[in-house]
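Asker: Residue numbers (this note's numbering): 2 to 414. Beta carbons: idealized from backbone N, C-alpha and C, even for Gly. Sharing a structure below in structure tokens format, with a few things to ask.
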């Protein structure tokens, strides 16, 4: 029952990028890690075991363990992703200095190990939702009575980066503190502020819970801003006709992504269109595919396509470009169908034209109701473009292209 509750909580946070598809949620559920239900108030685990999980309070111990770059073998490669060109038996630093290739291989190995160690520290520190405690041992005194060096370890890195306190050998000092110590009383639910025996749990907060953490911004998509509501019946419709319609929209977007500036670039060939269709709609009937390829090729020859898809002085064209920008109190994440960007001689963006492809049927009422329906979605796209390019609304044009009727409608601000 607890696991089912966790799955329901994950479903509540699921924000689809377009239509709700069960496969998208299944992929999210398979990739998401949640804490295993446990009645224990404290759980002990390794950093790697905690990856993907989150906890109200995290205590990091063993931060004084020395970071080591020892290895039995050293590998030589020009870049981290290129082919291996040499493998050497590891040797002492004094021996490495005698051969340039051995020296470089040793330095590359050291850099790689340190990067992995720093990534592990980042994972450990970002498991905490509310409070993070990092415990370091006091520095020992040398024979001359001075504080000794910690050497290369997590504790040394953290203290050098965060602490301005003059340390002593006695310990018991708070070397760094930030945030609101009484976050439990002020922000948590009553039951979250008590242990299993009902006694209050004392914590020291090292992150400001009153500020908005960028790791936990709620995520919204422009398509979720579109007007109107969908019934549960429509959301859960898995009929052949409904699924075919959704995949058809994905196919058209994939085909449009292959079209550059139509007045300069060669349109995708029939073989390329078939290859895309095989990837997006692998089970599509051959006759229907032939019909839709013919329709798409005719669409590209019409005056509307020649006007919408031509360069017309644009410096670049974004096609099916993903984005994520901070929008007020949430992360706005989505994908532009097509944006033509205009720039001046210095490279600064001066204007942008957004074209959003729609496969909706245009009825007797015309495009007016559809434009009103999609206006909030397009407004979100405008804000994203403005943040990415530094443009205000007066320098942006937005259009909806209803492909079935071959009609382009302007979307006002």
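Give the single residue among 407, 331, 286, 221 whose Cα lies nearest to the Cα of residue 299.
Answerer: Looking at the Cα atoms, 407 is the closest of the given residues.
Asker: Which one of 280, 405, 335 has the shortest CA to CA distance from residue 293?
Answerer: When only C-alpha atoms are compared, the closest one is 405.
Asker: Could you have a look at residue 397 and say whether DSSP puts it in helix, strand or coil?
Answerer: DSSP places residue 397 in strand when its eight states are reduced to three.
Asker: Just verifying my parser: in three-state terms, what is the DSSP assignment at residue 106?
Answerer: Helix.
Asker: Taking the straight line between their C-alpha atoms, what separation do you get for residue 75 and residue 67?
Answerer: Answer to the nearest angstrom: the Cα atoms are 20 Å apart.
Asker: Just to confirm the assignment, what range does the beta strand (DSSP E) spanning residue 336 have?
Answerer: It spans 331-344 - the beta strand (DSSP E) in which residue 336 sits, taken as one unbroken run.
Asker: So if DSSP puts residue 58 in a beta bridge, which residue, or which two residues, is it bridged to?
Answerer: Bridge partners of residue 58: 132.
Asker: Would you give the residue range spanned by the beta strand (DSSP E) that residue 322 belongs to?
Answerer: From DSSP, the beta strand (DSSP E) with residue 322 extends over 317-328.
Asker: If residue 124 and residue 48 are in contact, beta carbons under 8 Å, what's the gap, nearest whole angstrom?
Answerer: Right, the Cβ-Cβ distance comes to about 6 Å (below 8 Å), so this counts as a contact.
Asker: Grab me the residues of residue 321's own chain with a C-beta within less than 7 Å of its C-beta, minus the 5 sequence neighbours each way, in chain order.
Answerer: If we look at residue 321 and ignore the five residues flanking it on each side, its Cβ neighbours are 254, 258, 336, 338.
Asker: List the DSSP bridge partners of residue 120.
Answerer: Answer is none; residue 120 lacks a bridge partner.
Asker: Please report the straight-line C-alpha distance between residue 393 and residue 354, rounded to a whole angstrom.
Answerer: Answer to the nearest angstrom: the Cα atoms are 13 Å apart.
Asker: Can you list, in chain order, the residues of its chain whose CB lies under 6 Å from that of residue 152, leaving out five sequence neighbours each side?
Answerer: These residues qualify, in order along the chain: 67.
Asker: Using a Cβ-Cβ cut-off of 7 Å (strictly less than) and excluding sequence neighbours within five positions of residue 114, which residues of its own chain qualify?
Answerer: The answer, listed in chain order, is 70.
Asker: Can you list, in chain order, the residues of its chain whose CB lies under 7 Å from that of residue 390, leaving out five sequence neighbours each side?
Answerer: Within the same chain, residue 390 has close Cβ partners 342, 350, 353.
Asker: Which residue's Cα is closest to the Cα of residue 82: 163, 94, 109?
Answerer: If we check each option's Cα against that of residue 82, 109 comes out closest.
Asker: Whether or not the stretch 369-379 and the stretch 325-332 are in contact is what I'm after, with contact meaning three or more pairs of Cβ atoms, one per stretch, closer than 8 Å; do they touch?
Answerer: Touching, no, given that fewer than three Cβ pairs across the two stretches are closer than 8 Å.
Asker: Who are the near neighbours of residue 340 in its chain, counting only those whose CB is closer than 8 Å to its CB and skipping five residues on each side?
Answerer: The residues are 318, 319, 322, 353, 354, 355, 356, 386.
Asker: Out of 311, 12, 62, which has the shortest C-alpha to C-alpha gap to residue 31?
Answerer: When each option's Cα is compared against that of residue 31, the closest is 12.
Asker: Under a Cβ-count criterion, where at least 16 other Cβ atoms within 10 Å of its own Cβ denotes burial, should residue 272 be classed as buried or exposed?
Answerer: Exposed.
Asker: So what does DSSP say about residue 67, is it helix, strand or coil?
Answerer: Strand, per DSSP.
Asker: Give the single residue among 382, 26, 401, 174 whose Cα lies nearest to the Cα of residue 222.
Answerer: The candidate whose alpha carbon is nearest that of residue 222 is 382.
Asker: Ignoring anything shorter than 4 residues or poking outside the stretch 357-394, list the alpha helix (DSSP H) runs there in chain order.
Answerer: Taking only runs of at least 4 residues, the alpha helix (DSSP H) segments lying wholly in the stretch 357-394 are 369-390.
Asker: Whole angstroms is fine: what's the gap from residue 359's alpha carbon to residue 400's?
Answerer: About 10 Å.
Asker: For residue 262, does the three-state DSSP call read helix, strand or coil?
Answerer: If DSSP states are grouped into helix, strand and coil, residue 262 belongs with coil.
Asker: Between residue 269 and the rest of its own chain, which residues show a CB-CB distance below 6 Å, the 5 nearest in sequence each way excluded?
Answerer: The answer, listed in chain order, is 259.
Asker: Which residues does DSSP pair with residue 154 in a beta bridge?
Answerer: According to DSSP, which records beta bridges pairwise, residue 154 is partnered with 67.
Asker: Just the Cα atoms here: how many angstroms apart are residue 105 and residue 118?
Answerer: Approximately 20 Å between the Cα atoms of the pair.
Asker: Sorted by chain position, which residues of the same chain lie with C-beta nearer than 6 Å to residue 492's C-beta, five sequence neighbours on each side aside?
Answerer: What is shown of the chain runs 2 to 414, which leaves residue 492 out entirely.
Asker: Return yes when the Cβ of residue 85 is within less than 8 Å of the Cβ of residue 98, no when it is not.
Answerer: Not a contact, by the Cβ cut-off of 8 Å.
Asker: Give the secondary structure of residue 6 by DSSP, where H, G and I count as helix, E and B as strand, and everything else as coil.
Answerer: Note: residue 6 maps to helix in three-state DSSP.
Asker: Can the beta-carbon of residue 368 be found less than 8 Å from the beta-carbon of residue 403?
Answerer: Their beta carbons are under 8 Å apart, which means residue 368 touches residue 403 by this criterion.
Asker: Can you list, in chain order, the residues of its chain whose CB lies under 7 Å from that of residue 171, leaving out five sequence neighbours each side?
Answerer: Closer than 7 Å at Cβ, skipping near neighbours: 139.
Asker: Cβ atoms of residue 134 and residue 60: under 8 Å apart, would you say?
Answerer: Yes, the Cβ-Cβ distance between residue 60 and residue 134 is below 8 Å.
Asker: Please tell me whether residue 118 has its Cβ less than 8 Å away from any Cβ of chain C.
Answerer: Among the chains in the structure shown there is no chain C, since it carries only a single protein chain.
Asker: So residue 87 is in the beta strand (DSSP E); what residue range does that whole segment cover?
Answerer: Segment 87-90, the beta strand (DSSP E) holding residue 87.
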